[in-house]
Each structure stands twice: as structure tokens, then as C-alpha cells.
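Residues 1 to 294 in UniProt numbering are what the sequence shown spells out, letter by letter.
Read through the structure below, which is laid out as C-alpha cells, and then see the notes.
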Amino acid sequence: MSWTRKREIAKEWGFEPGSVWECEIRGKGVVKYVHAGRLVVQFQNEVAKLLKKETQTLFPFKRLTRKVAAQKQSHREKLCKKAENKAKKAENARKRKRSIVETPRANSLRSRAAKGPRLDRTRSGQDYEFLRDMGKSLPKSLTMCNIQPEARHGKFNAYTLGFGVDVRPTTIPGALRRNRGLFSTINIGKNELITEYSGTPINRARAMQLRAQGKATHVKGLNYDRFLDGNRWPQIGQGAAQMANDGKGFTKNNAKFVVKFDSSIGRDRCFLKALEDIKANEEIFVSYGRGFWS
């Protein structure tokens with residue numbers, strides 16, 4: 001396309017070649033010609049190629065008084081600042097998305113935790129990072145448990161699955177191989193909190209509904225109208241009190257359920273509390289109450 005034709009197209013668009021136009025963001029510019037469907041405008045710091053739709057942001061340049069020029073300048077600065085903030089937000093969103101993608105999955109975290117002795121590995125800095133990735137509280141056996149904010153995990157500390165307690169096939173005679181029980185992997189003293197009862201909060205009506213359906217085997221009451229439907233498959237780093245069996249007719253129970261109000265998070269929490277000294281690799285038994293067997 002010839003130079004003359006490019007200038008003619010600019011006139012057809014309503015822009016006289018050589019005329020001065022102004023953009024709120026870029027400032028003052030001189031119209032050149034139209035090339036490849038874009039209007040070429042020479043601004044002070046750059047050469048812009050604008051689509052026909054983008055040319056609507058241009059307006060004829062007029063000499064302004066100092067007062068109006070200052071207003072224009074402040075308005076332009078606001079627009080630039082707004083554009084910078086928008087770019088920063090977009091960059092932060094990309095970083096968050098990248099961090100989510102790069103976060104290792106729970107399966108890889110569990111396999112990483114299983115490479116060495118569980119209790120010994122919890123003393124390494126890598127495992128603090130592991131617990132943070134899992135989003136769970138640190139086990140109370142660690143002296144550095146205050147590295148996590150209390151407001152996030154509450155004021156009570158207890159052992160978690162893989163870090164003080166474990167789920168294995170139960171020692172109850174005659175039980176099927178798939179029947180599981182809760183075991184301690186370390187020595188636990190009398191009156192110590194063992195682990196938390198983790199589950200989904202439900203109300204009394206839902207608890208009664210599950211009981212009528214015969215699905216309330218892991219439902220635990222906190223108070224009159226608040227219950228927990230325990231997790232059947234707790235993950236590493238979670239409480240596992242709901243996995244403890246009742247030793248009725250087999251052995252004496254060595255733990256009991258206690259409900260404590262956590263003022264830091266404003267709700268009741270249920271824990272297993274040791275009734276006697278519990279040795280490592282010993283199964284933990286707790287009474288389910290008279291109502292469970294009736």
C-alpha cells in the first residue's frame with residue numbers, strides 16, 4: 001500500500017495526518033497514517049498502533065491553562081496508578097495460582113512421611129513444612145509447637161495420625177482383618193490428651209436421622225444440639241479419636257472421651273484422655289457409653 005493511500009485512509013477515519021491528538025494515558029501525540037488496519041500515532045515516548053475501536057479514546061489537543069493542565073495531569077496520574085494496581089493484582093493472582101499448582105498432593109506428602117521413623121522425622125524442619133502443607137496442627141510431643149498461630153489451631157494440643165497415634169488392625173479376638181483400632185506409637189502419660197475426635201459437625205436432627213438409618217457408628221455428641229460425624233478414613237496430621245474401639249467384654253478401657261470448650265475458636269472440641277500410662281504400640285480403648293450398646 002502506498003504512502004498516499006495510508007494517509008487517505010487516516011482521513012477517512014477522521015484523523016488528519018499531522019494533526020495533534022491527546023490520550024488520557026499516553027498524553028499528546030501526532031497522527032501519522034493507517035497501516036494494517038491500525039492508526040499509527042507518534043507520542044512523546046512511544047509509537048502506538050491503535051485499532052479503530054481504540055481511537056475513540058483520543059480527543060483533539062487544545063492548549064490549556066495552567067490550572068486545567070494541572071487537573072489533566074492529576075487525572076492522568078490517577079489513571080496510571082489504577083493501571084499499575086490492576087497489573088499488581090493480576091501478578092499476585094498468577095503467583096497464588098502458581099503456588100497452588102506447585103503444592104504437593106496429600107499422597108506424595110504421606111509417602112514422604114513414611115520414608116523414616118515417624119517420631120524421629122517429626123523433629124526435622126522438613127516435617128514442620130509437611131504439617132503446614134497438610135493444614136493441620138502440630139503434635140504436642142514437639143517442643144516447637146508454638147511455631148503455628150494458636151488462633152488457627154486452638155489452645156489445646158494433641159497427637160495426630162502418624163505423629164503419636166496410628167490406625168492398625170485391632171487386637172480384639174475374633175475381629176475381622178478389616179476391623180481397625182487406634183494405637184499409640186509413643187509412651188503416653190496418665191491424664192494426657194491423646195488425640196482429637198475429627199469429623200463433620202452436624203446437628204441433633206441429623207444425628208438422630210443417621211442413628212435411625214444405622215449409620216451413627218462414628219457419631220459423637222458434644223452437647224445437646226452439636227454432634228460430630230467422625231471421619232472413617234482420617235488423613236495423616238488429623239485427629240483420630242473416632243477410630244478407638246470399646247474394650248467391653250475384652251479388656252479394661254485405658255482412655256475416655258472429654259469435651260472441652262476452646263475459647264480461642266469459640267466451640268466445643270472432643271478429645272481422648274488417658275486413664276493410665278499407655279505404652280508405645282499399645283491399642284487404645286474407650287467406653288462408648290451405655291446408650292451405644294442398648
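Each residue gets a CB set at the ideal place from its N, CA and C atoms; glycine is no exception.
| query | result |
| --- | --- |
| Can you list, in chain order, the stretches of the beta strand (DSSP E) that have 3 or more residues and sit fully within the UniProt domain "SET" (163 to 289)? | 164 to 169, 180 to 184, 193 to 196, 199 to 203, 219 to 221, 226 to 230, 255 to 262, 267 to 274 |
| Would you identify the three-state DSSP class for Leu79, choosing helix, strand or coil? | helix |
| At which residues does the alpha helix (DSSP H) containing Arg5 begin and terminate? | 3 to 12 |
| Of all the options Glu24, Lys32, Cys23, which has the alpha carbon lying nearest to the alpha carbon of Ile9? | Lys32 |
| Hey, out of Leu176, Gly164, Gly237, Gln213, whose CA is closest to Glu192's CA? | Gly164 |
| Does Gln56 come out as helix, strand or coil in the three-state DSSP assignment? | helix |
| On the three-pair Cβ rule with 8 Å, is the segment 17 to 27 touching the segment 46 to 64? | yes |
| Pick from Glu283, Val167, Lys215, Phe43: whose alpha carbon is nearest that of Gln235? | Val167 |
| If I follow the unbroken beta strand (DSSP E) through Phe43, where does it start and stop? | 38 to 43 |
| Note the first and the last residue of the continuous beta strand (DSSP E) segment covering Tyr33. | 27 to 35 |
| Can you tell me whether DSSP reads Glu16 as helix, strand or coil? | coil |
| How far does the beta strand (DSSP E) with Lys49 in it reach, from first residue to last? | 47 to 50 |
| DSSP three-state call for Glu91: helix, strand or coil? | helix |
| Tell me which same chain residues have a C-beta within less than 6 Å of the C-beta of Ile25, skipping the five on either side of it? | Leu79 |
| How many angstroms separate the CA atom of Gln238 from the CA atom of Ser198? | 7 Å |
| Measuring alpha carbon to alpha carbon, tell me which of Arg226, Gly214, Ala244, Asn179 ends up nearest Glu196. | Ala244 |
| Tell me whether Glu22 sits in a helix, a strand or coil according to DSSP, three-state version. | strand |
| By how many angstroms is the C-alpha of Lys260 removed from the C-alpha of Arg118? | Low confidence applies to Arg118: its pLDDT is 42, below 50, so where it sits in the model is not reliable, and the reading given next is rough at best. Rounded to the nearest angstrom, the two C-alpha atoms are 28 Å apart. |
| For Ser74, which of Thr57, Arg94, Gly27, Gln56 has the nearest alpha-carbon? | Gly27 |
| Please go through the same chain and pick out, in chain order, the residues whose beta-carbon is closer than 8 Å to the beta-carbon of Thr170, but skip the five residues on each side of it. | Asn179, Arg180, Gly181, Asn245, Glu283 |
| If you draw a straight line from the C-alpha of Lys256 to the C-alpha of Ser287, how long is it? | 6 Å |
| I'd like to know whether the C-beta atoms of Trp13 and Thr55 end up nearer to each other than 8 Å. | yes |
| If you draw a straight line from the alpha carbon of Asp262 to that of Asn281, how long is it in whole angstroms? | 30 Å |
| Under the rule that 16 or more other beta-carbon atoms within 10 Å means buried, what is Asp277, buried or exposed? | exposed |
| Rounded to whole angstroms, what's the CA-CA distance from Glu16 to Arg98? Just pull it up for me. | 48 Å |
| From Leu51 to His35, what distance separates their C-alpha atoms? | 10 Å |
| Near Asp225, what residues of its chain come up, given a Cβ to Cβ distance below 7 Å and the 5 sequence neighbours on each side ignored? | Asn203, Arg204 |
| Suppose contacts are defined by Cβ-Cβ distances below 8 Å. Is Val258 in contact with Lys248 by that definition? | no |
| Let me check understanding here. Comparing Cα to Cα, which of Arg269, Ala240, Asn187 lies closest to Phe227? | Arg269 |
| Taking 8 Å as the threshold (C-beta atoms), are Lys215 and Gln242 in contact? | no |
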